[in-house]
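Below you'll find the structure, written out as structure tokens, and then a few comments.
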Amino acid sequence: MENRQQEISEISRSLKALARELRLPIVAISQLSRAVESRTDHRPQLSDLRESGAIEQDADVVVLLLREEYYNPTSENQGIAEVIIAKQRNGPVGSMKLFFIKEYTRFENMARME
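When you line the sequence shown up against the numbering used here, it's residues -15 to 98, in that order.
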């Protein structure tokens, strides 16, 4: 396990260095640990990033997604995803709700669709 954590840490640091060198953003996707499954609200948090704390440390921005309907198919929030800005090195954190169109894996601004 420790070797995998070291490997993920090295990848994370390399991506950060590459972004600085090329002066452009790099988007990386990380799997979450199963800790989310054990919470009653299933709300993801920074500590749920899988394999390494280096991802949390190296990232300038961390965005997490929550779709209630995934855990509760009868939820009244069908087609709505919460986008959680869990970390933003140079700005505020918070969350917003967007429409989620499952058929196209697409997110839409709720104000635009109303």
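The C-beta atom is built at its ideal place from N, Cα and C for all residues, glycine as well.
The alpha helix (DSSP H) enclosing residue i, as first and last residue numbers
| i | result |
| --- | --- |
| Arg(-3) | -14 to 6 |
| Val77 | No alpha helix (DSSP H) contains Val77, which DSSP labels as neither H nor E. |
| Val20 | 19 to 22 |
| Glu92 | That residue, Glu92, is in no alpha helix (DSSP H); its beta strand (DSSP E) goes 90 to 93. |
| Gln15 | Unbroken run through Gln15: none, as it is neither H nor E. |
| Gln41 | 37 to 42 |
Minimum C-alpha distance to residue i - residue among the options
| i | options | result |
| --- | --- | --- |
| Gly78 | Leu49, Thr24, Phe91, Asp25 | Leu49 |
| Arg51 | Leu6, Ile10, Phe91 | Phe91 |
| Glu21 | Ala65, Pro76, Asn56 | Asn56 |
| Gln72 | Glu(-9), Ile64, Tyr88, Val47 | Val47 |
| Ile(-8) | Arg7, Gly37, Arg18, Thr89 | Gly37 |
| Arg59 | Asp25, Gly75, Thr89, Pro76 | With the sequence shown as reference, residue 59 is identified as Ser, and Arg is not the correct amino acid for it. Comparing Cα positions, the closest option is Asp25. |
| Phe83 | Leu8, Ala65, Ser(-4), Leu16 | Ala65 |
| Ser(-4) | Arg23, Glu35, Thr89 | Glu35 |
| Leu16 | Arg27, Leu8, Arg7 | Arg27 |
Nearest-angstrom Cβ-Cβ length linking residue i and residue j, presumed shorter than 8 Å
| i | j | result |
| --- | --- | --- |
| Lys81 | Met94 | 6 Å |
| Glu53 | Gln41 | Glu53 to Gln41, Cβ: 32 Å. No contact. |
| Ala3 | Ile10 | 5 Å |
Beta-carbon proximity check, residue i vs residue j, cutoff 9 Å
| i | j | result |
| --- | --- | --- |
| Ile68 | Val45 | no |
| Ser14 | Ile39 | yes |
| Ala43 | Ala12 | yes |
Start-to-end residues for the beta strand (DSSP E) that takes in residue i
| i | result |
| --- | --- |
| Gln72 | 64 to 72 |
| Leu48 | 45 to 50 |
Within the chosen definition, does the segment -15 to -7 reach the segment 19 to 31 through at least 3 CB pairs nearer than 8 Å?
no
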